[in-house]
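Asker:
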Amino acid sequence: MTDYKDIFNARGHLYNEATLMCPGAREAERIALINLLNPKAGETIIDVPAGGGYLADGIHKQYGSEVTVICVEPAEQFSAAIDPFFRVILEPADAVTSLEDRCLDAVVSLSGLHHIVDKRPTYREWHRLVRPGGRIAVADVASNTGTADFLNIFVDEFVPGGHNGMFFSENEWLEQLTECGFSHVEEELRSVPWVYDSEDQMIDFCVSLFSLQKASRQQVLEAIHHYIGVETENSGGIRMMWQLRYARADKTA
Ligand SMILES: C[S@@+](CC[C@H](N)C(=O)[O-])C[C@H]1O[C@@H](n2cnc3c(N)ncnc32)[C@H](O)[C@@H]1O
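Reminder that position 165 of the sequence shown reads as 164 in numbering that gives the first Met the number 0, one-by-one numbering, no gaps.
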C-alpha cells in the first residue's frame, strides 16, 4: 500500500495550486474553525497537519504576528507551499518530537485526521503538547454525509492511490477526546459551502484539489451535483454544499 506521505507529496502541488487558483473557495470552513479556536494575542498554536498552510494563513490574515502559528506537516513536498513566515516542523501529527511538553496554548487541525486509522495516539500527543488551560479545535469530514460519499466513492475512483477516508461519526470526538484526557468537548455538524464565481471554476478547483485529471469535466460536475449539491446565487456565484464536523475541547489539568 502506498504511504500517505508519497500520496500527498505527489498530490500536494496540485492541491496547493487549487488553493492559489481560488483562495476564497474554502473560506467558510476556515473561518468557522478559527472562530471556534478563538486565538488570543500572545498565544502559540500549531496547525497540524498543515498541508500547504491554508489554515495558518487564515489565522495570520486575522491576527497578524500577535499569534504565533507553527505548521506541522509530515509530507515535505506538500509543505513547500507554506509561507516562509511560519516555522515548519516536518513531523507526523502523533509524534511532534521537536516540541516540548505543555509548550502550546492550542492545537488546530483541518481535514487531516481522516487518513489516520486510530486517532487516539494523535490526541494523546496533542494532550502532551498543550499546557493546562489550553485547548484544541478540529474540523473534518463527517461520516454518512454527501461530502463523505463524494470523497470515498467518486474521488476514490479517480485519484491516484484512491481515497479511503475514515470519517467522523457523531460523538466520536466526544468519546475519544475525553478518553485522551480532554474535557468540555463540544461537537457539531456544519454546512460550510465552498464558493466560486462559476461552475467552470468549481470544476477546475475540484480537479486540482483532488487530482481528478482522469475524470472528464462532465463526470466531476455530475458527481458534485449528485453527492454534495450546488446552489446558484443571484450574482451567478456558485455554492458547493460542503459539510464538516467541528469539535473543540479543553485541557483542564
Ligand atoms: C486534505 S490535506 C489537509 C491539509 C490542510 N490542513 C488543509 O486544510 O488544507 C490532508 C493532510 O493530512 C495529512 N495526512 C494524510 N494522511 C495522513 C496520515 N496517515 N497521518 C498523518 N497525516 C496524514 C497530509 O499530509 C495532509 O497534510
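Virtual Cβ for every residue (Gly too), placed ideally from N, Cα, C.
Please tell me whether, using a cut-off of 7 Å, the distance from the CB of I115 to the nearest non-hydrogen atom of ligand 1 is below it.
Answerer: Counting from one through the sequence shown, the residue named residue 115 turns up at place 116. At least one heavy atom of ligand 1 is nearer than 7 Å to the Cβ of I115, so yes.
Asker: T43 by DSSP, collapsed to three states: which one?
Answerer: Stepping through the sequence shown from its first residue, residue 43 is reached at position 44. Three-state DSSP puts T43 in a strand.
Asker: Who are I152's beta bridge partners in DSSP?
Answerer: As a first step, residue 152 is located in the sequence shown; it is residue number 153 there, counting from the start. Note: I152 sits in no beta bridge, so no partner.
Asker: Beta carbon of S190: closer than 7 Å to some heavy atom of ligand 1?
Answerer: Sequence index remark: in the sequence shown, residue 190 carries index 191 (1-based). Every heavy atom of ligand 1 is 7 Å or more from the Cβ of S190, so no.
Asker: Quick test of the definition: if touching needs 3 or more C-beta pairs under 8 Å, does the stretch 9–27 touch the stretch 193–209?
Answerer: Touching, per the Cβ criterion.
Asker: Determine the burial state of L103: buried for a count of at least 16 other Cβ atoms within 10 Å of its Cβ, exposed for fewer.
Answerer: Sequence index remark: in the sequence shown, residue 103 carries index 104 (1-based). The residue in question, L103, is buried, as its Cβ has 16 or more Cβ neighbours within 10 Å.
Asker: Can you give me the C-alpha to C-alpha distance between N151 and H126, rounded to a whole angstrom?
Answerer: For this step, residue 151 is matched to residue 152 along the sequence shown. For this step, residue 126 is matched to residue 127 along the sequence shown. Roughly 30 Å between the two C-alpha positions.
Asker: Please go through the same chain and pick out, in chain order, the residues whose beta-carbon is closer than 8 Å to the beta-carbon of E42, but skip the five residues on each side of it.
Answerer: Numbered from its first residue, the sequence shown carries residue 42 at position 43. Excluding positions up to five away in sequence, the list reads V66, T67, D104 and A105.
Asker: What residue from A246, K250 and T251 has the CA that sits closest to L32's CA?
Answerer: Against the sequence shown, residue 32 aligns to sequence position 33. The candidate whose alpha carbon is nearest that of L32 is A246.
Asker: Who are the near neighbours of Y14 in its chain, counting only those whose CB is closer than 6 Å to its CB and skipping five residues on each side?
Answerer: Looking up residue 14 in the sequence shown gives position 15. Once the five neighbours on either side are set aside, the close Cβ partners of Y14 are L208.
Asker: Which residue wins for smallest C-alpha separation from P268, given the options Q242, F77, E198 and N170?
Answerer: Here the chain comprises residues numbered 0 to 252, so residue 268 is not present and cannot be evaluated.
Asker: Between the stretch 210–229 and the stretch 149–166, do at least 3 Cβ pairs fall closer than 8 Å?
Answerer: The stretch 210–229 vs the stretch 149–166: in contact.
Asker: From K60, G63, T96 and F84, pick the residue whose C-alpha is nearest to that of P253; which is it?
Answerer: No answer is possible for residue 253: the residues shown for the chain start at 0 and end at 252.
Asker: In the stretch 167–233, which residue ranges form an unbroken alpha helix (DSSP H) of at least 4 residues, counting only runs that do not cross its ends?
Answerer: Counting only runs of 4 or more, we get 171–178, 198–208 and 216–222.
Asker: Can you tell me whether F167 is buried or exposed, with buried defined as 16 or more other CB within 10 angstroms of its CB?
Answerer: Along the sequence shown, read from residue 1 onward, the residue named residue 167 stands at position 168. Buried is the call here.
Asker: Rounded to the nearest angstrom, what separates K306 and G180 at their Cα positions?
Answerer: Absent from the structure is residue 306, since the part of the chain shown begins at 0 and ends at 252.
Asker: Taking Cβ positions, are I227 and F149 nearer each other than 8 Å?
Answerer: Working through the sequence shown from its first residue, we reach residue 227 at position 228. Working through the sequence shown from its first residue, we reach residue 149 at position 150. Cβ distance < 8 Å, so I227 and F149 count as in contact.
Asker: Assign P38 to one of two classes, buried (16 or more other C-beta atoms within 10 Å of its C-beta) or exposed (fewer than that).
Answerer: Residue numbering aside, residue 38 sits at position 39 when the sequence shown is read from its first letter. Buried, by the Cβ-count rule.
Asker: Is the closest heavy atom of ligand 1 to the C-beta of S215 under 7 Å?
Answerer: Mapped onto the sequence shown, residue 215 falls at position 216. Incorrect: S215 has no Cβ contact closer than 7 Å to ligand 1.
Asker: Consult DSSP for R119 and reduce its assignment to one of helix, strand or coil.
Answerer: Stepping through the sequence shown from its first residue, residue 119 is reached at position 120. Reduced to three states, the DSSP call for R119 is helix.
Asker: Determine, using beta carbons only, whether A80 and G52 come nearer to each other than 8 Å.
Answerer: Along the sequence shown, one-based indexing puts residue 80 at 81. Along the sequence shown, one-based indexing puts residue 52 at 53. Result yes, Cβ atoms of A80 and G52 sit closer than 8 Å.
Asker: Let me confirm a value: S64 is counted as buried when at least 16 other C-beta atoms fall within 10 Å, else exposed. Which label applies?
Answerer: Locating residue 64 in the sequence shown gives position 65, where the first residue counts as 1. Flag for S64 reads exposed.
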